[in-house]
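Trainee: Handing you this structure, nothing more for now.
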Amino acid sequence: MVWPPEPTSEFDWNNLGFAITEVAGHVETYYSRKEGKWTEPQWITDPYVKIHGLAPGMNYGQQCYEGLKAFRQKDGQIRIFRPEQNALRMQHSASFICLPEPPVDHFLKCVHLAVANNAAYVPPYGLGAGMYIRPLLFATGEQLGLNPPTDKYTLFVYVIPTGVYHGTHPIDALILDDFDRAAPQGTGSAKVGGNYAPVTHIEEFSTSGFIGMIHENKETGEPAKIVVPQSNSVINSVTVNSCIEIAKFFGWNVEYRPVHYDELSTFNEVVAAGTAAALVPIKSITQLSKDAKFEYLKEDEPGPMMKELVRVLKGVQQGNEPDTFGWCQLVSDPNATSNGH
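All residue numbers for the sequence shown refer to this note's numbering, where the first residue is 2 and numbers rise by one.
Below, the structure is given as structure tokens:
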């Protein structure tokens, strides 16, 4: 059999959204504190999970998750974008909520197996679509209370083929004075479910990374610059970090620091960044309490700096640009390898 398989004919690939679609299966691996180790990844075809109603993951928020993508590239192969960064971020999240931290190699093994066994569901090259990968770490043992810790934990890895989460058009943003996504000094830097449930009332942009951009000053020769907020209340964004590396590659200046409200008027472009949405141009930012509005785009088109970032970011992901950064991991035939990656 030729590897990788062609995309399945089950889907209308030209109209792929972000809805849940059934694939061949998912991966599960289990951890016991008594044993002190993770089991070999198990391939599960049933998408539903049977969990006791008193599991800490159900009652006390002992769960965290990740989001990353695999792409069918120009050469026909399937590659996963920077999965080791997601492995490290899951370890960080797990440390906040007393979950066992999956070793990086084990995380990668599970992710590669989930993608490889669902290779026919990776969208065709050239559509801009990808396979979204959702690792989920959950306290699945049954008990009342959190002391002593439960003895059973499960790492699930689900995948679904997806289009672009927000589409490609600029969106308007709103500053809310009476809502904080996460408490200062709290779990904002961890990708835990409790940080995301409240923001469904507004928009997922509030959980995305923020990048402010200042164009090159042709009169003074000062290079273009991107500004990325430094905060322990937001997650360490793989997409934002990738944009930082691309910006440095371009010779742009990069500033990683707190961003003050007064600076919003100094940016030529603003974008939201995340795995699901990639890069989304922000048309305007409004603060109703001050009757203030900062406009960045007059047309429904991204600005020039975002276009350059997207060209390289998506180009590397889809194999249209050389992977000079070493970001993409090749997915191998699961029947021809012993370790899954």
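We treat Cβ as the ideally placed atom computed from N, Cα and C, and that holds for glycine.
Predicted model, so just to flag it, every value in this text is computed and none were measured.
With H, G and I counted as helix, E and B as strand and the rest as coil, what does DSSP make of VAL332?
Mentor: Here VAL332 sits in coil by DSSP.
Trainee: Can you give me the start and stop residues for the alpha helix (DSSP H) that ASN87 sits inside?
Mentor: 84-97 is the extent of the alpha helix (DSSP H) around ASN87.
Trainee: Enumerate in chain order the residues of its own chain whose CB-to-CB distance from TYR32 is below 6 angstroms, with the five nearest sequence positions on each side excluded.
Mentor: Cβ neighbours of TYR32 beyond the five flanking positions: TRP39, PRO101, TYR154.
Trainee: Nearest-angstrom Cα distance between GLU302 and MET91?
Mentor: Each residue's alpha carbon lies about 34 angstroms from the other.
Trainee: Would you kindly check if the distance between the Cβ of PRO6 and the Cβ of ALA120 is under 7 angstroms?
Mentor: The answer is yes: Cβ separation under 7 angstroms.
Trainee: Run through DSSP, which three-state label would VAL3 get?
Mentor: Three-state result, VAL3: coil.
Trainee: Out of ILE79, LEU145, VAL235, PRO171, which one is the CA nearest neighbour of ASP334?
Mentor: It is ILE79 whose Cα lies nearest to the Cα of ASP334.
Trainee: For GLN43, which residues does DSSP report across the bridge?
Mentor: Beta-bridge pairing links GLN43 to GLU29.
Trainee: To which residues of the same chain is SER209 closer than 7 angstroms at the C-beta, ignoring the five residues directly before and after it?
Mentor: Result list for SER209: ALA273, ALA274, GLY275, ALA278, in chain order.
Trainee: Confirm, please, whether the CB-CB distance from GLN43 to ASN23 is below 7 angstroms.
Mentor: This sequence places Glu at residue 23; Asn is not what is there. Contact: no.
Trainee: Is the number of C-beta pairs between the region 93-111 and the region 310-319 that are closer than 8 angstroms three or more?
Mentor: Verdict: no, contact absent.
Trainee: Excluding the 5 residues flanking LYS35 on each side, which residues of the same chain have their C-beta closer than 8 angstroms to its C-beta?
Mentor: The answer, listed in chain order, is ASP152.
Trainee: Between ASN87, ASN218, ALA174, ILE286, which has its C-alpha nearest LEU138's C-alpha?
Mentor: The shortest C-alpha separation from LEU138 is found at ASN87.
Trainee: Assess, as a yes-or-no matter, whether the region 168-177 is touched by the region 233-241 under the definition of 3 or more beta carbon pairs within less than 8 angstroms.
Mentor: These segments do not touch.
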